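Asker:
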Amino acid sequence: MKIQTIIIPLCLSLLFFACAGEADKPTEPVEKELNKDSLANVINTLEEQVMSNGGVPDKTLFSKAINEFQNYALLFPEDPISPEYLLKASDFSHSIQKHEKSVKILDRIIAEYPDFDRIESVKFVRASHIDFELRDTTRAKEAYTAFIAEYPNSELVGNAQSRIDNISLDAEALIEKFMKEQKNTSAQ
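Read in order, the letters of the sequence shown are residues 27 to 214 in this note's numbering.
Next up, the structure:
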């Protein structure tokens, strides 16, 4: 009888503490939301620091922001702000002369967020970066051609076609061609 009076209360106590311990543990969604809010706060702080720097790109600060934008999209891919953060990461990469990284981030947006409301612009900017910054004329022509095929009614089609037609010209030859065209237009 003595054993029962000791064992039953002991078992009840263990059961009580075991259940109490489970209730105190945060569930995954709450933990995820806290991390999401925390990361968003870090990003907001970084953006404020970037903007308060007088427009002068601070490579260290920009790199931190780029990493946090990408981390957010990696951790919360379904969040509607994720493609926006990736676009900012691409812009920041471009600002600090990391052009290949900028293009890779744009590729990621295209692959992972095909319904992004600014996808047309993303695809054109990608082609432009490949053209002007990476100077890969073959890839740039392919990107411009794909853009025209996919968005034939875009207001950017004329720019894309002009780049395809003039991609082999350096800046001096392009200016000379433009001046001749202006002269011919004025003469008519």
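Ideal Cβ placement from N, Cα and C applies to all residues, glycine included.
Nothing here was measured: the structure is a model prediction, and the numbers come from that model.
For L195 and K203, which I take to be in contact (beta-carbon distance under 8 Å), what is that distance rounded to the nearest angstrom?
Answerer: Yes, they are in contact, since the Cβ atoms of L195 and K203 sit about 7 Å apart, within 8 Å.
Asker: What are the start and end residues of the alpha helix (DSSP H) that includes Y98?
Answerer: Here the alpha helix (DSSP H) through Y98 covers 85 to 101.
Asker: Determine the closest residue to Y98 out of F88, K90, Y111, with distance taken between C-alpha atoms.
Answerer: Y111
Asker: At what residue ranges does the stretch 116 to 198 contain a whole run of the alpha helix (DSSP H), taking only runs of 4 or more?
Answerer: 125 to 138, 145 to 158, 163 to 176, 183 to 192
Asker: Less than 8 Å separating the beta-carbons of F118 and I92?
Answerer: Contact: yes.
Asker: Give me the residue from T211, S188, N210 with the minimum Cα distance to L200.
Answerer: S188
Asker: When you compare the CB positions of A166 and I156, do they come within less than 8 Å of one another, or not?
Answerer: Yes; because the gap between Cβ atoms is below 8 Å, this pair is in contact.
Asker: According to the Cβ coordinates, are Y170 and A197 closer than 8 Å?
Answerer: no
Asker: According to DSSP, is I107 helix, strand or coil?
Answerer: Of the three classes helix, strand and coil, the one that applies to I107 here is coil, per DSSP.
Asker: Under three-state DSSP, which class holds V76?
Answerer: helix
Asker: State the DSSP-derived secondary structure class of V82, mapped to helix, strand or coil.
Answerer: coil
Asker: Where does E48 fall in DSSP's three states?
Answerer: The predicted position of E48 is uncertain, since its pLDDT is 40 and thus under 50; no value can be drawn from it.
Asker: Going by C-alpha distance, which of Q214, R161, P83, K114 is nearest N192?
Answerer: R161
Asker: Find the nearest neighbour of F95 within the set N179, D141, S128, V82, judged by alpha-carbon distance.
Answerer: S128
Asker: Grab me the residues of H120's own chain with a C-beta within less than 8 Å of its C-beta, minus the 5 sequence neighbours each way, in chain order.
Answerer: Here the set comprises S128, H155, E159.
Asker: So, is K149 buried or exposed, given that buried needs 16 or more other C-beta atoms within 10 angstroms?
Answerer: buried
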